[in-house]
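In the UniProt record's numbering, the protein residues as written are 1 to 473.
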C-alpha cells in the first residue's frame, strides 16, 4: 500500500482562505471532499521526515508545525478524531447515515443542499479508515498513547460495513421508489464513503458502479472520473490516474461544459508532472491560472507554484515576464510562495548569485511536495542548466573566475558542474582549462535557417523543372 508513491518512482494550523481567483466552480463545489489531498500532502511530508529526506527544521518551517504535532494530527484525522469519545464518534456517524438513508427517494436537490451545509467542517471530520490507519501506524512508527487499539480498528471496519449496508439499502429503495437521479445520488454516496473510509480498490470499484449506471450525463461521467483520479492520486497510483484521465478526455470530446473542461485540464497538468511530462504540464498550468477552480485538488498558491516551476524551464524571457513575474493572478499569492517567485525574479534579472541561493532554499519545498519530490533532482539540475545557458548566451568567451564570481561559487565547483553538463550535451560550450576560459559554441541559427531555405528552394526548383519537362512531352 503506497500512500505517497515514494517507492515508484504542511500542517496548516488554520485553514487558509481561498484566493478570490480560485473560488470553487459549481461542479467543483459538488465534488466529494474525499480523498483529502491536503491530508495526502501532510502524509507525504511525514513520510519524507521519517525517511530522513526532509529535515525537522525544514519541515517545521514549511508546515508551521512540529513534526510530532503534525503526526498526531494526521493520525487523529485518519482514525476517530479527538474531540469525542470513540464510541460517541461511531454512534454519531451511524445516526448521520441512517438519516441520509431516510432522505433517499426524496428531492435530490434538497438532499444535496442539506449535505452541503453539513460539509462546512469536513476538513476536520475523522476518516474512520482502519486500513489507512494501520498502514501509517506501521510506516511512520506511530506508537502514541492515544493510538487506536487493534480492537478499535476492527470496530471501525465493522462499523463501515454496516454503513455501506445502510447506503446499499438506499440504492435499492431509490430504484424501487424514485428516478434515475435519486439512484445516481444513492450510488455515489457509496463510492464517496468508500473513498473516505476504504482502500483504493474498494473506492474505484464503487465508482465503476456509478459509471455503469444507464442514462448518465457527460457531466456526471466526468465528475466520476475526476473523483476516481483523485483516489488514484491519494494512494500514489500515478499510472492508473493517467489512465482514468485519458478516459475522461475521450468522454469530454463528445461534450461537456467549459467548467469541467478546465477542471480536467488542471487534473491532467498534475498527472503530467507526476510522470515527468513537464512541457505539456507547463502549458496546461499556464493556461489554467485564470480559470483554476479545482480547490478539491490543491490550493491556488500550490497550483501557481507548479505553474512557475514548470514554466521556468520552457518560457522565453518575454513570456516569463508577462505571464509569471507581472501576472496579476501570480502576484495575488506572491506572499504565500516567496521562494518560487524569487527564483523567477532572480533568473529574469540575471542575479545568478541570488538565483543559486534560492535554488538551495527551494530544495526542501520540492521534497515536501508529493507531486514534485520524485523529480526534485531533475528539477534542480534543469534549473542549474537554465541559468548557466542564459549566462553563456551573453558571451563568446568568459573566464571561469568571472563566471564563478557571478554565480557566487568556487572555480573548481563551477568547472565540475560545467564539465558535467557539457559532456551530457546540455550546454553548447567548451572549457579551455589551460587558459581558464569557457568558450561558447552556439549554433548560428540565422545561418542555419538560411541554408535550410536554400536547400528547400533547390529541391522545389528541381521538382518544377521535372514537371516542366513532363508537360512539354
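C-beta atoms are modelled at their ideal positions from N, C-alpha and C, and glycine is treated no differently.
- Task: Measure the Cβ-Cβ separation of residue 164 and residue 190 and say whether it is below 9 Å.
- Result: On the chain shown, position 164 is the one that residue 164 refers to. On the chain shown, position 190 is the one that residue 190 refers to. Yes, Cβ-Cβ distance for residue 164 and residue 190 is below 9 Å.
Is the separation between the beta-carbon of residue 54 and that of residue 367 shorter than 9 Å? Here residue 54 is taken as the residue at index 54 of the chain shown, counted from 1. Here residue 367 is taken as the residue at index 367 of the chain shown, counted from 1. Against a cut-off of 9 Å, the Cβ pair of residue 367 and residue 54 comes out as a contact.
Task: Beta-carbon gap between residue 414 and residue 429 smaller than 9 Å - done: Position 414 of the chain shown holds residue 414. Position 429 of the chain shown holds residue 429. No, the Cβ-Cβ distance between residue 414 and residue 429 is not below 9 Å.
#### Entry: Pairwise C-alpha distance: residue 387 and residue 347
As a first step, residue 347 is located in the chain shown; it is residue number 347 there, counting from the start. As a first step, residue 387 is located in the chain shown; it is residue number 387 there, counting from the start. Their Cα atoms are separated by approximately 7 Å.
Residue 362 versus 352, 351, 383, residue with shortest Cα-Cα distance
By one-based count along the chain shown, residue 362 stands at place 362. Considering only alpha carbons, the answer is 383.
Subject >> residue 253 classed as buried or exposed, judged by whether at least 16 other C-beta atoms fall within 10 angstroms >> reply: As a working note, residue 253 is residue 253 in the chain shown. That one is exposed.
Inset, instruction - Could you have a look at residue 63 and say whether DSSP puts it in helix, strand or coil? - result: If you number the chain shown from 1, residue 63 lands on position 63. Residue 63: helix per DSSP, three-state reduction.
Discussion item. Please identify the residue among 285, 222, 341, 353 whose C-alpha is closest to the C-alpha of residue 266.
Written reply: The sequence position of residue 266 within the chain shown is 266, counting from 1. Residue 285 holds the alpha-carbon nearest to the alpha-carbon of residue 266 among 285, 222, 341, 353.
Point to revise | Secondary structure of residue 243, DSSP reduced to three states | key: Taking the first residue of the chain shown as position 1, residue 243 is located at position 243. Note: residue 243 maps to helix in three-state DSSP.
Buried or exposed by the 16-neighbour rule on C-beta atoms within 10 Å, applied to residue 107 | As a first step, residue 107 must be located in the chain shown, where it is residue number 107. Residue placement at residue 107 is poorly supported in this model, since its pLDDT is 49, which falls under 50; the coordinates are not used for a value here.
Considering residue 183, what are the terminal residues of the beta strand (DSSP E) in which it resides? Sequence index remark: in the chain shown, residue 183 carries index 183 (1-based). From DSSP, residue 183 is part of no beta strand (DSSP E) but of the alpha helix (DSSP H) over 180-197.
How big is the Cα-Cα spacing for residue 246 and residue 438? As a first step, residue 246 must be located in the chain shown, where it is residue number 246. As a first step, residue 438 must be located in the chain shown, where it is residue number 438. If I take the Cα positions, the gap works out to 46 Å.
* From the DSSP output, which residues share a beta bridge with residue 440? -> On the chain shown, residue 440 is found 440 positions in, with the first residue counted as 1. Looking at the DSSP assignment, residue 440 forms a beta bridge with 429.
(Q) Is it the case that the region 352-360 contacts the region 320-329, given that we only count it when at least three CB pairs across the two stretches are under 8 Å? (A) With contact defined as three or more Cβ pairs closer than 8 Å, the region 320-329 and the region 352-360 are not in contact.
*Kindly identify the DSSP beta-bridge partner or partners of residue 398.*
In the chain shown, residue 398 corresponds to position 398, counting from 1. Paired residues: 438.
Can you tell me which of the three DSSP states residue 205 falls into?
-> Along the chain shown, read from residue 1 onward, the residue named residue 205 stands at position 205. Secondary structure at residue 205: helix, using DSSP grouped into helix, strand and coil.
**Residues near residue 342 in its chain [Cβ-Cβ closer than 7 Å; skip 5 each side]** = Residue 342 sits at position 342 when you count from the first residue of the chain shown. Within the same chain, residue 342 has close Cβ partners 358.
ask   = CB-CB under 6 Å to residue 305, same chain, minus the five flanking residues each way: which ones, in chain order?
value = Within the chain shown, the letter at position 305 stands for residue 305. Answer for residue 305: 337, 340, listed in chain order.
Among 186, 392, 159, 312, which one has its Cα closest to the Cα of residue 427? As a first step, residue 427 is located in the chain shown; it is residue number 427 there, counting from the start. Just measuring C-alpha positions, the residue of 186, 392, 159, 312 sitting nearest residue 427 is 392.
What first and last residue would you give for the alpha helix (DSSP H) that runs through residue 534?
This structure does not reach residue 534, given that the chain is present from 1 up to 473, and the question cannot be answered.
Beta carbon of residue 174 nearer than 9 Å to that of residue 186: Counting from one through the chain shown, the residue named residue 174 turns up at place 174. Counting from one through the chain shown, the residue named residue 186 turns up at place 186. The answer is yes: Cβ separation under 9 Å.
- Task: Determine the direct distance from the alpha carbon of residue 50 to that of residue 94, and round the result to whole angstroms.
- Result: Residue numbering aside, residue 94 sits at position 94 when the chain shown is read from its first letter. Residue numbering aside, residue 50 sits at position 50 when the chain shown is read from its first letter. Taking the straight line joining both Cα atoms gives about 35 Å.
| task | Output yes or no for whether 9 Å exceeds the beta carbon distance between residue 329 and residue 289. | result | Taking the chain shown and counting its residues from 1, the one referred to as residue 329 is at position 329. Taking the chain shown and counting its residues from 1, the one referred to as residue 289 is at position 289. In contact: residue 329 and residue 289 (Cβ atoms closer than 9 Å).
Inset, instruction - Name the residue from 335, 230, 301 whose alpha carbon lies nearest to the alpha carbon of residue 199. - result: Working through the chain shown from its first residue, we reach residue 199 at position 199. Of the listed residues, the one whose Cα sits closest to residue 199 is 230.
Q) With DSSP run on the structure shown, which of helix, strand or coil describes residue 36? A) Residue mapping note: residue 36 aligns to position 36 of the chain shown, counting from 1. Coil.
CA-to-CA distance, residue 275 to residue 188, given in whole angstroms: As a working note, residue 188 is residue 188 in the chain shown. As a working note, residue 275 is residue 275 in the chain shown. Roughly 29 Å separates the two Cα atoms.
Where residue 325 and residue 240 are concerned, what is the direct C-alpha to C-alpha distance, given to the nearest angstrom?
As a working mapping, residue 325 is identified with position 325 in the chain shown. As a working mapping, residue 240 is identified with position 240 in the chain shown. Taking the straight line joining both Cα atoms gives about 35 Å.
Practice prompt. For the alpha helix (DSSP H) holding residue 299, just list the boundary residues, first then last.
Written response: As a first step, residue 299 is located in the chain shown; it is residue number 299 there, counting from the start. According to the DSSP assignment, residue 299 belongs to no alpha helix (DSSP H), since it is labelled neither H nor E.
Assuming residue 382 is part of the alpha helix (DSSP H), what are its boundary residues?
For the purposes of this step, residue 382 is taken as residue 382 along the chain shown, with counting starting at 1. Note, residue 382: alpha helix (DSSP H), 376-392.
Compute the Euclidean distance between the alpha carbons of residue 236 and residue 394, then round it to the nearest angstrom. Position 236 of the chain shown, counting from 1, holds the residue named residue 236. Position 394 of the chain shown, counting from 1, holds the residue named residue 394. The alpha-carbon of residue 236 is positioned some 43 Å away from that of residue 394.
- Quick one: is residue 149 buried, meaning 16 or more other Cβ sit within 10 Å of its Cβ, or exposed? Residue 149 sits at position 149 when you count from the first residue of the chain shown. Exposed: under 16 other Cβ atoms inside 10 Å.
Tell me whether residue 370 sits in a helix, a strand or coil according to DSSP, three-state version. The residue labelled residue 370 in the question sits at position 370 within the chain shown. The DSSP-derived three-state label of residue 370 is coil.
*Look at the alpha carbon of residue 127 and the alpha carbon of residue 77, and state the distance between them as a whole number of angstroms.*
Taking the chain shown and counting its residues from 1, the one referred to as residue 127 is at position 127. Taking the chain shown and counting its residues from 1, the one referred to as residue 77 is at position 77. Linking residue 127 to residue 77 through their CA atoms gives a straight-line distance of about 6 Å.
Exercise for review: Grab me the residues of residue 345's own chain with a C-beta within less than 7 Å of its C-beta, minus the 5 sequence neighbours each way, in chain order.
Suggested key: On the chain shown, position 345 is the one that residue 345 refers to. The residues are 325.
Open item on the list: My assumption, with CB atoms under 8 Å, is that residue 293 sits in contact with residue 259. Please give the rounded CB distance.
Closed with: Counting from 1 along the chain shown, the entry for residue 293 is found at position 293. Counting from 1 along the chain shown, the entry for residue 259 is found at position 259. Contact holds; Cβ gap of about 7 Å.
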